[in-house]
Amino acid sequence: MHSAVFLIEFGAIILGLGLLGRLAGRFSFSPIPLYLLAGLAFGKGGLLPLGASEEFVAIGAEIGVILLLLMLGLEYTASDLVSNLKTQYPAGLVDFAFNALPGAAAALLMGWGPVAAVVLAGVTWISSSGVIAKVLGDLGRLGNRETPVILSILVLEDLAMAVYLPIITALLAGVGLAAGSATLAIALGVAGAVLFVAVRYGRLISRFVSSDDPEKLLLVVLGLTLLVAGVAQQLQVSAAVGAFLVGIALSGEVAEGAHTLLSPLRDLFAAVFFVFFGLHTDPASIPPVLLPAFALAVVTALTKIATGHWAARRAGIGVKGRWRAGGTLVARGEFSIVIAGLAVTAGVQPQLGPFATAYVLILVVIGPLTARYTEPVGTYLTRRRAAVPPGKGGDTVPGAAGVLSGAEAVAGAEVVPGPEVVPGPEAVAVRVPETGPESAPDRV
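All you need for the numbering used here is the position in the sequence shown, starting with 1, plus 3.
Laid out in structure tokens, this is it:
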């Protein structure tokens, strides 16, 4: 009888998630907020609390986190990561300062204490790789010049997680300074060793794992990932970090084949993970934190836009590409929920789970909208600023001929000499580039 109830409950969950995913696909937005809402409906205080299948959902959620991080690691090679660290680390530092510090400050202002501040800093810092990848594909921007900048920031955030998650694990466990330092040292040692092995012997590992039989490849990759994740967790390192490093170690045809085979499993268990997070959040606890969550979402949306704009400008991307890069980075999702889930399980702050749920729900809905509309809005505001005469608020800088307003120079306007070159702004005619989102200067 117990097994029958379990099958009915779990089958209903999977069927419901499938229908919610189809609904989200029809309206071209991420299904993550719908999955979280489903968890709220099935959890304690919800419309239909689960019973028999809750334990299995918990195990499935842990596998979902592992597969999310494995698939993320498969997207990059160890050499790519090293290259990104060398060239894009200033953007990573700006990203941390602009987006992690507001979360920490918000937790301290609400009186949640230093541990919750470190947790909320991670929640507001990390963008959603899954949502952003889908948005880039949906908007046809995978070939844009700003896309490598976006991906570099995401990679740096993922690498930072290899250090951040062990720190969080130690803090949540309440260990002392010595034990926490040992945990971090072990985590860094393991991460460094895996990266070294991946760079030097990645081809050998991929050759060992490789198989022409999809069934054998699936079993070997999945078994290796779960084994390494379990060992990492036993060493007080996050299982998610272990899975991420396994993905980095695999490359070439093996990575492509594993990605194809594991994508359906990733989607299934990741959806279960979001449901599981919702299960542990009482819907009645969300309204009291909705207003501060919305305020923090607005602030960190603006700071992410500023981060992407700065990084794209540093990379020499045009003005429109800078705005697109900033707007695309706004969405938060799976990593924010993973971090908050660790804190909820440890019982650090009762309101942290509802707060993170509301925060992610807001930004996972706003994120695709900012990705689509930040560029036209930013371009309009830039042109409004560029239209101000030099003597009425616009700074002046030397142009190609005569004087050009600083706002126009920043806007990327093209300077064309007039028929007669004389000193002063009358000597230049300004030709503004075309405004379409797919304009040639911002694409490969």
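Where a beta carbon is used, it is the ideal one built from N, C-alpha and C, also for glycine.
Problem set entry | For S86, the nearest candidate out of M113, P151, A258 and T348 (CA to CA) | P151
For this session: Specify whether the segment 160-174 and the segment 370-382 touch according to this definition: at least 3 beta carbon pairs, one from each stretch, less than 8 Å apart.
Result: no
For this session: Quick one: grab the DSSP three-state call for A109.
Result: helix
For this session: Specify the secondary structure class of I153 as computed by DSSP and reduced to three states.
Result: helix
Problem set entry | Reference W326, options S288, P379, L299 and V341, closest by Cα | P379
Exercise. Would you say the segment 287-295 touches the segment 329-337, given that touching needs at least three Cβ pairs under 8 Å?
Worked result: no
Problem set entry | Beta-carbon proximity of A96 to S132, cut-off 8 Å | First, the residue type needs correcting, since residue 96 is Leu and not Ala in the sequence shown. Not a contact, by the Cβ cut-off of 8 Å.
For this session: Helix, strand or coil for D285, going by three-state DSSP, please let me know.
Result: coil
For this session: Could you have a look at G409 and say whether DSSP puts it in helix, strand or coil?
Result: A caution first: G409 carries a pLDDT of 40, below 50, which makes its placement in the model unreliable, though a value can still be read off. G409: helix per DSSP, three-state reduction.
For this session: Taking all protein chains shown into account, decide if L407 is buried (16 or more other Cβ within 10 angstroms of its Cβ) or exposed.
Result: Because L407 sits at a pLDDT of 37, beneath the cut-off of 50, its placement in the model cannot be relied upon, and the following sentence gives the value as read from the coordinates. L407 comes out buried.
Exercise. Can you tell me whether DSSP reads T80 as helix, strand or coil?
Worked result: coil
Problem set entry | Residue of R388, A390 and E337 minimising C-alpha distance to L39 | E337
Exercise. Any contact of the segment 295-312 with the segment 268-282, i.e. 3+ C-beta pairs under 8 Å?
Worked result: no
Exercise. CB-CB under 7 Å to L268, same chain, minus the five flanking residues each way: which ones, in chain order?
Worked result: L70
Problem set entry | alpha helix (DSSP H) segment containing L372, residue limits | L355 to A389
Exercise. Looking at C-alpha atoms only, which residue of V363, A390 and R375 is the closest neighbour of G106?
Worked result: V363
Problem set entry | Beta-carbon proximity check, L88 vs L162, cutoff 8 Å | yes
For this session: Look at the alpha carbon of A108 and the alpha carbon of E160, and state the distance between them as a whole number of angstroms.
Result: 20 Å
Exercise. Can you give the Cα-Cα distance for R206 and I16, rounded to whole angstroms?
Worked result: 40 Å
Exercise. Between the Cα of G125 and the Cα atoms of E149, A64, K137 and A110, which residue gives the shortest distance?
Worked result: A110
For this session: Tell me whether V231 is buried or exposed, calling it buried when 16 or more other Cβ atoms sit within 10 Å of its Cβ.
Result: buried
For this session: Figure out for me which residue from I342, A173 and S155 has the closest Cα to the Cα of T318.
Result: The sequence given here has Ala at residue 318, not Thr. The residue with the shortest Cα to Cα distance from A318 is S155.
Exercise. Buried or exposed: G116, going by 16 or more other Cβ atoms within 10 Å of its Cβ?
Worked result: exposed
Problem set entry | Same chain, Cβ closer than 8 Å to T310, five either side skipped, listed in chain order | A94, V97, D98, F101, N102, I156, G329 and L332
Exercise. Closest to G28 by CA distance: which of V347, L248, V138 and E149 is it?
Worked result: V138
Problem set entry | Which listed residue (A246, L175, W128 and S209) has its alpha carbon closest to that of G344 | L175
Exercise. Run through DSSP, which three-state label would F45 get?
Worked result: helix
Problem set entry | Neighbourhood of L43 by C-beta, 7 Å cutoff - its chain only, sequence neighbours within 5 removed | G49, G281, T284 and P286
Problem set entry | Close beta carbons around V341, own chain, < 7 Å, minus the five adjacent residues each side | V68 and A243
Problem set entry | Whole-Å CB distance - S209 paired with V257, under 8 Å assumed | 4 Å
For this session: Verify whether the separation of the beta carbon atoms of L198 and I251 is less than 8 Å.
Result: yes
Exercise. Would you say V193 and V212 are within 8 Å of each other, going by their C-beta atoms?
Worked result: no
For this session: Classify R144 as buried or exposed, calling it buried when 16 or more other Cβ atoms lie within 10 Å of its own Cβ.
Result: buried
Problem set entry | Close Cβ partners of A246 (< 6 Å) along its chain, the five nearest in sequence each way excluded | I69, L72, L73, T228 and A232
For this session: Could you pull out every residue in the same chain whose Cβ sits closer than 8 Å to the Cβ of T438, ignoring the five residues on either side in sequence?
Result: Note on T438: pLDDT 41, under 50, position unreliable in the model; no value is reported.
Problem set entry | Contact check, R335 vs L355, beta carbons under 8 Å | no
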